[in-house]
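A.B. asks: Here it is: the structure, laid out below.
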Amino acid sequence: RDKTREIFMVIYLNGRNQILQMEELFEGTLTTSAVYPREVVKRALDHAAAALVFVHNHPSGNPKPSQDDITITKKLKEAAEAIDVSVHDHLIIAGNEVYSFADNGLI
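As numbered in this note's numbering, residues 99 to 205 make up the sequence shown, in order.
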């Protein structure tokens, strides 16, 4: 859906990569969204997730990750792995384009 603010969403998966839950966790401004690894880990535990996929949008229309996107993804992955939860991907949606961290070797 069309958003004028960045929205950060988490898809929680079970051990067979089936979706347990999808949640919009954080909402930000046109160019940034504050994301808190502690909250992501808490929600992963709440849902008994085995794996996660992160998704957020870029209202600017450019799907390429910013340095902040790369940094927070690394922090989120480290936090998830500390509780034995894997991170399969981080997708950035911009209009009709999608950037995959996994496809680009960033996860």
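Cβ atoms here follow ideal geometry from the backbone N, Cα and C, with glycine treated the same way.
Would DSSP call valine 183 helix, strand or coil?
C.D. replies: Coil, per DSSP.
A.B. asks: What number of angstroms, rounded off, separates the C-alpha of isoleucine 181 from the C-alpha of glutamate 121?
C.D. replies: So the alpha carbons of these two residues sit roughly 19 angstroms apart.
A.B. asks: Return the CA-CA distance between valine 183 and valine 133, expressed in angstroms with no decimal places.
C.D. replies: For valine 183 and valine 133, the distance between alpha carbons rounds to 18 angstroms.
A.B. asks: Verify whether the separation of the beta carbon atoms of histidine 186 and alanine 200 is less than 8 angstroms.
C.D. replies: Yes.
A.B. asks: Can the beta-carbon of glutamate 137 be found closer than 8 angstroms to that of proline 161?
C.D. replies: Their beta carbons are not under 8 angstroms apart, which means glutamate 137 does not touch proline 161 by this criterion.
A.B. asks: Tell me the rounded alpha-carbon separation between isoleucine 190 and leucine 118.
C.D. replies: Isoleucine 190 and leucine 118: Cα-Cα distance of roughly 21 angstroms.
A.B. asks: If distances are taken between C-alpha atoms only, which option among His145, His188, Lys173 comes closest to leucine 111?
C.D. replies: Checking every option, the nearest Cα to that of leucine 111 belongs to His145.
A.B. asks: Once you ignore the five residues that flank methionine 107 on each side, which residues in its own chain have a CB closer than 6 angstroms to its CB?
C.D. replies: Same-chain partners within the cutoff: Glu122, Val153.
A.B. asks: By alpha-carbon positions, which one of Ile168, His188, Ala149, Ala192 ends up nearest to proline 157?
C.D. replies: Here the closest residue by C-alpha is Ala192.
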